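Numbering (my numbering), first residue to last: 59 to 1220.
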């Protein structure tokens, strides 16, 4: 073997000088080598380096012992070959975010209006006769007041600045938060390397060139490397090449392993040859980084393409670079482009976009109407009724009026659009995501959080999710005897025991071990595959040790390894005997391996013939009773190939895996987690159907499903095996038919012995199904590489944080950090809470909007001046929206959320009850406000504020109107806490300190504005009596709320709902236009007109940037470098022509182990 210079520090203490000279190979040579593939690479290694061992020698590392881990050596390697870190894109500065917030069209319009207003207030016409300009211009003679004309414009500008700063700060803090989260997760991502002969896990960033890394199925390679030793290794390189076929890797055909590719099968060891920016991934990143200029162009292009710019460029996190990288690759390599549509909008986003369009149109109409009426009224009044003619010196005064009308119009528009809505969505999601971390849910895609609230079905794995994933062998059939407990070793024939021990020790992944407990008195730690751990536990229970056998037969001595995968459902290892013959050890699902056994060891340890009828008897007497106890049965067997028969053809698996001799059948128990049955009954109460999809056999699956409460006694539900399931849903040509599937899935509760394709078919079938009142929203849990397609296809994919492979995590939306089903129930609760929070906010917000728009509109039309001034409106908009979104979006979830049925896809955002509340409260508020507006001066005995001249001082009358309006909103905010018609609106209010502080804070600010706001806020100070009346009228809202909730909603059939999901016809249309880039229908509607207006009005864009920021940062969260992988298009088989689809799914089927279920075998 290569000598290990790296083990001796003196060998590393080469004088600092030309770094490359320290090693026998330069970075440039390695880089050039890594750009070659397959045969070229093999030839190049042979010609230039000799073999991989020589490369190891030149890199001063040992293929067996690895590096010494000596800090000076690691430093030198960093200096010579770089660090394994690709620097992220620079974060946007605060000023850039401010500039982006300023792009909002509504704000731009306000700024222009304010600047014109300011300019005109400073412009005084030269000594014109104001009288001649008509009475409308009255009040100009008051010089002092005329000087104050600038205040309104300045105040509007000031409010605009506040809006911009709030928005920018929001974006900035989110970006910071998520970069922090991302870097934390990157640090948590570890990889297995060998140092000083010890197998250890180190953070990916600490890997250096020369490290010997162990790779196994499910890994995402963090650096480039050259294979030293491999067993049946297959990689998915689609993230680099775009080709979906798996690439077989071996020393003599293709030893080059590239960063960012996925290990789909097998295991092996590699020497790391390039890291960070020098790896294949890094090189592509560097190409992209150098073209900042192009990137700017791309962003602009993206903006113009998307008419509404809803998806304004996300944070430049690695995800953005990712997609560009893909573009770049495709230009360079001309790879066949696979058309994957962009991720569909989440259920809530779709509904919100529709609602925003509807509101935007209404607001635009109202504001235009207001301006037209005001101008017409003024023109008719001045030039027709008063009969004045337009004089040049009056022009500035008239223009001032028109500007005032324009400002009022814009104000109506600003009020009509629920600007706080995007903020509420963002705050609600951000708050939930943060809290969900505490409930062991790491949310990678922000919208998954809210989609989970709509979930109607959960397809769960068994192993590790419903069960504890702590496997132990509890029964065994050895030497013609069925032992209900593990027998003492002396009662079994010693030869049989030796065969069993050897078979288990050698024929299992060497990364699987049982380590001593961390704490005294704790349970031994199971590392690696749990099923193999159970078998190793059996070895220890038989008072033997597996380690000496492994030391005697290291992985290099294994002649051939058939690793476990979901189609084989078994694992076999071939060893060469000294006489030239071979012995193969096999283990796997008992019914599959027993079918291939022709002999069995008897009580004396001698093989006897094992016929089909013996097998049937064994299945009935041993395997079925074990399975009915909920045990997973594994058969251990061997086969000898005599030397005289010559070497068999190892590629012909069917002949090799045959004629086996059965050593034993063991029953492995994986106990149900104690908290699962209650969690499942909560789901069922909440209207969510839980289905178990497992690779285990049907009896075991049924037993576990009954223990969990998925199957209830006396109910008519189906348990199917994968084969039977396929027979029921496929037609004669073998194609899946939706009609057939629709007959099966509603009653299906357990799908056993299922392949990854079955899981994907089931999930896709349920999502696409039109059966039942509402369309299904499906969540899926998975932990295996081959769960990728199903996780991607599901509305919400949950990956296991502990047992999950990188591929599964990358395909998922939420990662369960404790691998526990109860965390899914928490996610449902939070999801429903987000949905409800947004509905609460909408109920509050739309009441404010309806009232403010009608007041501004009618007031302006009747009194030529909106009773609520532009600055007051902005205050209502700003505080009411921003603060209310903070107050209502942070309500903590309660268990009662789990007592109602899920909303589903097409339930409207604003229900009939909410519409009743919105209109009911609006009527109350309008009656009060109009009463005060037209009779307030008599009630309070004060001067009327109506028809006041331009620049007149604020009146008490209008201040009272404004104050009462704000008080009513404040008390209505308490009403808005309940949206399902509950009576007690104060319930649990003390549990939400944010809500209480926001309400009190708003009240305090209102006092300050009214008493000290003066001219800028158009407020006159009020007396204590007037204040008490305002508060008293505001409290009337609470009583009125009780009155409204007493009216039964079902009598109010005339009330319309708003904010529907997509309808069936639209879904059908969508499927027809699958090839086109998927565009939300609300967006299509928009493109027909008023795009520019809507971009402005719909402030959602500003906040969706934040949502995108979340999404883009979290999209990459688990695997920071890669996301475009085989699964990104496997997840959408509907985009693949049918013939290809069949081929592709079969690829996936082989692609990796069948989730934890049969992580090593079933």
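Quick reminder that beta carbons are idealized off the backbone N, C-alpha and C, glycines included.
Here the structure is a predicted model, which means the values were calculated and not measured.
- Ranking 802, 872, 223, 984 by CA distance to the CA of residue 492 puts 872 first.
- Counted as a single uninterrupted DSSP element, the alpha helix (DSSP H) harbouring residue 90 occupies residues 85–92.
- Looking at the DSSP output, residue 248 sits in a beta bridge with 261.
- Excluding residues up to 5 positions away in sequence, 944, 945, 948 lie with their Cβ nearer than 8 Å to the Cβ of residue 1052 in the same chain.
- Residue range 718–727 is occupied by the beta strand (DSSP E) that includes residue 727.
- In this structure residue 98 is exposed. Its beta-carbon is surrounded by fewer than 16 other beta-carbon atoms within 10 angstroms.
- The continuous beta strand (DSSP E) containing residue 515 extends over residues 515–518.
- Shown here, residue 643 sits in a strand according to DSSP, grouped into three states.
- With distances taken between CA atoms, residue 254 lies nearest to 120 out of 120, 634, 810.
- As the crow flies, the alpha-carbon of residue 560 is around 24 Å from that of residue 702.
- Its chain contains 78, 138, 139, 336 as the residues whose beta carbon lies nearer than 7 Å to that of residue 85, once the 5 sequence neighbours on both sides are disregarded; these appear in chain order.
- Rounded to whole angstroms, the gap between the alpha carbons of residue 853 and residue 962 is 12 Å.
- Between residue 849 and residue 859, the gap from beta carbon to beta carbon reaches 8 Å or more.
- Residue environment for residue 234: exposed (fewer than 16 other C-beta atoms within 10 angstroms of its C-beta).
- Within the same chain, Cβ atoms closer than 7 Å to the Cβ of residue 1025 are found at 1088, 1089, 1091, 1092, the five residues on either side in sequence being excluded.
- When C-alpha distances from residue 830 are compared across 563, 805, 651, the shortest belongs to 805.
- Between residue 813 and residue 502, the C-beta gap is not smaller than 8 Å, which leaves the two residues out of contact.
- Listed in chain order, the beta strand (DSSP E) runs fully inside the segment 752–780 are 776–779, counting runs of at least 3 residues.
- Under the Cβ criterion (8 Å, minimum of three pairs), the segment 604–619 does not count as touching the segment 667–679.
- Rounded to the nearest whole angstrom, the C-alpha separation of residue 951 and residue 1100 is 23 Å.
- Rounded to whole angstroms, the separation of the alpha carbons of residue 917 and residue 1003 is 12 Å.
- Rounded to the nearest whole angstrom, the CA to CA distance from residue 543 to residue 637 is 39 Å.
- A contact between stretches requires three or more CB pairs, one per stretch, nearer than 8 Å, and the segment 1058–1070 fails this requirement with the segment 981–990.
- Around the beta carbon of residue 153, a 10 Å sphere encloses fewer than 16 other beta carbons of the protein chains shown; the residue is thus reported as exposed.
- Residue 665 carries a strand assignment under DSSP once its states are collapsed to helix, strand and coil.
- Shown here, residue 698 sits in a strand according to DSSP, grouped into three states.
- Using a Cβ-Cβ distance cut-off of 8 Å, the segment 618–634 and the segment 591–608 are not in contact, since fewer than three pairs of beta carbons, one from each stretch, lie closer than that value.
- Spanning the alpha carbons of residue 449 and residue 425 requires a straight line of approximately 29 Å.
- Of the other Cβ atoms in all chains shown, 16 or more fall within 10 Å of the Cβ of residue 1064; this residue is therefore buried.
- Rounded to whole angstroms, the Cβ separation of residue 275 and residue 328 is 14 Å, and the two are not in contact under 8 Å.
- Distance from the CA atom of residue 102 to the CA atom of residue 631, rounded to whole angstroms, is 31 Å.
- Within its own chain, no residue has a Cβ closer than 6 Å to the Cβ of residue 546 once the five positions on either side in sequence are excluded.
- Judged by DSSP secondary structure, residue 817 falls within the alpha helix (DSSP H) whose first and last residues are 814–826.
- Cβ neighbours of residue 563 within its own chain (closer than 7 Å, five residues either side excluded): 597, 604, 607, 608.
- Proximity to residue 1077 across 1084, 92, 1031, 1014 peaks at 1014, based on C-alpha coordinates.
- As DSSP reads the structure, residue 693 sits in a beta bridge with 646, 723.
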